[in-house]
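Numbering (the numbering used here), first residue to last: 288 to 697. Heads up, the beta-carbon is just placed ideally off N, CA and C, and yes, glycines get one too.
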């Protein structure tokens, strides 16, 4: 079909051609008939032409009013956005999964596309929640406990679209729950560790208040010694709590001060040898005479060395060596401390750096441990880009080592 403008041009052309023939024929009856026929044909062409549609004010033709709104789930840009999302995301239409991003496929499997959403997510709470998608009640965010494996927790929420379409969002909250539990455990453990010596101190003080004069002098002295020991234990716990708090506050700030790790370790060994600890003479140092330059916090590195060596002195057998070694390995240096103690079973090793974790709680309390020493070592090591390694063999002893990056000497 031709539009009106094209038809008009054709009609005028036919009339012009007919007029030329009429002029050439001299105006007789044949010329008049040809001109009349050309005019009628031109008029018919113009009358039968399709009118040109008017342009839409917004720059395009308006869609027919009876067409349904376009589907968001089928839009190519939506599929592109879905694939860029890190958390699992599902698009459903009439309860059927029509689109799933890579995270959702990894979580639920490839079979979910085309499956009924009420069976794709296999969790009792999810099944009951998804069965109300078509209802009028608002759907709140729900928790999927022990999903997809025991000990994990996910949340699920829904965004309703037009045309029986929806988007379901899944989010992993396992790490957040673990952090919350860690904070709760930390507060509970710290309270317990402080309450135990405090109860002993209060009990012995009350007993001392009821004693009579010089008759109970030996007992008074023994009680005062216990009070002093428990007070010292509380003091050390507070010091360790403050230390781990400071180290955590600085964990994202890399040290920039040049230090000599060899000099720090030698100073720590000298301090321990000069202390009144029973095993101070068991320390065997193989540190060498070379400097070990690195960027670090001298006070924190001294605390790290002190904690590792002190642990070996506490848990190694009396009279056996506590060996401290400092060995250069290419562009790194390894600080290693070994003892000859009872060793640690393999199932305890992954948890040794947890706060307040103890392999043998009774023994740890008897030697004065707070349960924070290796946790502090771990945080200091991480701040200095170090790598902590603990190797132990039951009946033979334990070796704790930390490797640090060195800096080139100018």
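Unbroken alpha helix (DSSP H) run spanning residue i, endpoints
i, result
"residue 534", "504-536"
"residue 229", "In this structure the chain extends from 288 to 697, so residue 229 is not present and cannot be described."
"residue 490", "461-496"
"residue 399", "Careful: residue 399 lies outside any alpha helix (DSSP H) and carries neither H nor E."
"residue 379", "Not the alpha helix (DSSP H): residue 379 falls in the beta strand (DSSP E), residues 376-380."
"residue 666", "660-670"
"residue 404", "404-407"
DSSP three-state assignment for residue i, whether helix, strand or coil
i, result
"residue 437", "coil"
"residue 634", "helix"
"residue 578", "coil"
"residue 545", "strand"
"residue 365", "helix"
"residue 641", "coil"
"residue 746", "Since the first and last residues shown for the chain are 288 and 697, residue 746 lies out of range."
"residue 628", "strand"
"residue 680", "strand"
"residue 415", "helix"
"residue 588", "helix"
"residue 609", "strand"
"residue 540", "coil"
"residue 620", "strand"
"residue 646", "coil"
"residue 550", "helix"
"residue 555", "helix"
"residue 657", "coil"
"residue 458", "strand"
"residue 390", "helix"
Rounded straight-line distance, which links the Cα of residue j to that of residue i
i, j, result
"residue 389", "residue 403", "18 Å"
"residue 664", "residue 625", "15 Å"
"residue 455", "residue 428", "10 Å"
"residue 400", "residue 661", "48 Å"
"residue 482", "residue 675", "32 Å"
"residue 646", "residue 515", "26 Å"
"residue 372", "residue 406", "23 Å"
"residue 451", "residue 414", "18 Å"
"residue 374", "residue 570", "53 Å"
"residue 574", "residue 594", "17 Å"
"residue 583", "residue 659", "21 Å"
"residue 587", "residue 435", "41 Å"
"residue 391", "residue 377", "7 Å"
"residue 689", "residue 520", "27 Å"
"residue 538", "residue 668", "10 Å"
"residue 365", "residue 397", "19 Å"
"residue 591", "residue 638", "18 Å"
"residue 544", "residue 447", "56 Å"
"residue 666", "residue 558", "23 Å"
"residue 679", "residue 534", "26 Å"
"residue 640", "residue 381", "51 Å"
"residue 578", "residue 485", "45 Å"
"residue 379", "residue 419", "14 Å"
"residue 614", "residue 673", "14 Å"
"residue 386", "residue 431", "21 Å"
"residue 487", "residue 517", "7 Å"
"residue 671", "residue 692", "8 Å"
"residue 524", "residue 491", "20 Å"
"residue 479", "residue 643", "10 Å"
Extent of the continuous beta strand (DSSP E) run through residue i
i, result
"residue 564", "Counting along the chain, residue 564 falls outside any beta strand (DSSP E), and DSSP gives it neither H nor E."
"residue 387", "383-387"
"residue 360", "No beta strand (DSSP E) holds residue 360; DSSP gives it neither H nor E."
"residue 431", "429-432"
"residue 572", "570-573"
Any non-hydrogen atom of the ligand FMN closer than 7 Å to residue i Cβ
i, result
"residue 577", "This structure lacks the ligand FMN, and indeed carries no ligand of any kind."
TODO: Assess, as a yes-or-no matter, whether the segment 519-529 is touched by the segment 550-564 under the definition of 3 or more beta carbon pairs within less than 8 Å.
DONE: Below 8 Å, too few C-beta pairs join the segment 550-564 and the segment 519-529 to call them touching: fewer than three.
Open item on the list: Between the segment 631-639 and the segment 677-690, can you find at least three pairs of beta-carbon atoms closer than 8 Å?
Closed with: Three or more beta-carbon pairs drawn from the segment 677-690 and the segment 631-639 are found closer than 8 Å, and the two stretches are therefore classed as touching.
TODO: Decide yes or no for the touch test of the segment 437-451 against the segment 472-489: beta carbon pairs closer than 8 Å, at least 3 of them.
DONE: With the cut-off at 8 Å, the segment 437-451 and the segment 472-489 do not touch.
Open item on the list: Measuring CB atoms only, is the segment 566-585 touching the segment 598-608, in the sense that at least three cross pairs come out at less than 8 Å?
Closed with: Contact annotation: the segment 566-585 touches the segment 598-608, with at least three C-beta pairs closer than 8 Å.
Open item on the list: Count Cβ pairs between the segment 462-469 and the segment 508-521 that sit closer than 8 Å; are there 3 or more?
Closed with: Per the Cβ contact rule, the segment 462-469 is not in contact with the segment 508-521 (fewer than 3 Cβ pairs under 8 Å).
Open item on the list: Whether or not the segment 611-622 and the segment 551-558 are in contact is what I'm after, with contact meaning three or more pairs of Cβ atoms, one per stretch, closer than 8 Å; do they touch?
Closed with: Contact holds: three or more Cβ-Cβ distances are below 8 Å.
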